[in-house]
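Engineer:
In full-length UniProt numbering, the protein residues as written are 1 to 228.
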């Protein structure tokens, strides 16, 4: 927890725990390109991915550990890239609790961009980027050895389906295992065809393999990305 007067700490919610988890899912929400405003739990960008995280956690059969991160701030804030800093903190917390788990990153919009950039982090084996915000300069080298899915609605007016397709092509040309899926009739919020978005995320996680669930109640961790 951050001291009073400083920026709010990131919050990492555990939606499903697992005994000796061999798979852990970290869900990352979207935001804005620039904002120093704290990320509140009632923001739609966060609620949207909270709903998706619950669907993944409650899928049929054995389930992995599922974690939902709430960032400190709403913005990406180049060059600080605050969501990447927060996600790295979350990854450290997950690795501390499940040191041998294969980590699956599932991110939407800004969270999708963070997930792709973090593909090379220790323990990360899979990245699912939903309607990701991408820039032409975003690298693909970190995807080596990572199973990657990019999905985008063809009616997205916030982020670019073309940019996602081009990113997937660049990754494919570099020899990385990358898939691209267009979701017809859906926009950025993933409201239209929401069952299709849920299915894509759940199937992507399912392909990694099952973990043994404890059925324990959700818990959460609060802290600063710079802390332990």
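The C-beta atom is built at its ideal place from N, Cα and C for all residues, glycine as well. Computed from a predicted model, the values in this text were never measured in an experiment.
Taking the alpha carbon of residue 188 as the point to measure from, which residue in 28, 48, 37 and 14 has its own alpha carbon closest?
Structural biologist: Measuring from the Cα of residue 188, the nearest candidate turns out to be 48.
Engineer: In chain order, which alpha helix (DSSP H) runs of at least 4 residues are fully inside the UniProt domain "AB hydrolase-1" (25-145)?
Structural biologist: Those alpha helix (DSSP H) runs which fall completely within the UniProt domain "AB hydrolase-1" (25-145) and span 4+ residues are 44-57, 82-97 and 110-117.
Engineer: In the structure shown, what three-state DSSP assignment does residue 189 receive?
Structural biologist: Coil at residue 189, not helix or strand.
Engineer: Assign residue 29 to buried or exposed, taking buried as 16 or more other Cβ atoms, counted over all protein chains shown, within 10 Å of its Cβ.
Structural biologist: Counting Cβ neighbours within 10 Å, residue 29 comes out buried, since at least 16 surround it.
Engineer: Which term fits residue 237, buried or exposed, when burial requires 16 or more other beta carbons within 10 angstroms of its beta carbon?
Structural biologist: In this structure the chain extends from 1 to 228, so residue 237 is not present and cannot be described.
Engineer: Of the choices 23, 180 and 161, whose alpha-carbon is the least far from that of residue 98?
Structural biologist: Nearest of 23, 180 and 161 to residue 98, Cα basis: 23.
Engineer: To which residues does DSSP link residue 180 through a beta bridge?
Structural biologist: Residue 180 is bridged to 150.
Engineer: Using a Cβ-Cβ cut-off of 6 Å (strictly less than) and excluding sequence neighbours within five positions of residue 77, which residues of its own chain qualify?
Structural biologist: 34.
Engineer: I think residue 113 touches residue 126, with their Cβ atoms under 8 Å apart; what is that distance to the nearest whole Å?
Structural biologist: Not confirmed; about 16 Å, so no contact.
Engineer: Can you give the beta carbon distance from residue 67 to residue 13, rounded, assuming they're within the 8 Å contact cut?
Structural biologist: Between residue 13 and residue 67 the Cβ distance is about 7 Å, and since that is below 8 Å, they are a contact.
Engineer: Is residue 121 near residue 91, with beta carbons less than 7 Å apart?
Structural biologist: Going by C-beta atoms, residue 121 is nearer than 7 Å to residue 91.
Engineer: Does the separation of the CB atoms of residue 15 and residue 45 fall below 7 Å?
Structural biologist: Their beta carbons are not under 7 Å apart, which means residue 15 does not touch residue 45 by this criterion.
Engineer: Given a threshold of 16 other Cβ atoms within 10 Å of its Cβ, counted over all protein chains shown, does residue 191 qualify as buried or as exposed?
Structural biologist: By the neighbour-count rule (16 or more Cβ atoms within 10 Å), residue 191 is not buried but exposed.
Engineer: Going by Cα to Cα distance, which pick from 200, 55, 160 and 81 is closest to residue 149?
Structural biologist: The option with the nearest alpha carbon to residue 149 is 200.
Engineer: What's the C-alpha gap between residue 54 and residue 186?
Structural biologist: Cα to Cα, residue 54 sits roughly 21 Å from residue 186.
Engineer: Given residue 167, which residues of its chain have a CB within under 6 Å of its CB, disregarding the five upstream and five downstream residues?
Structural biologist: The answer, listed in chain order, is 134.
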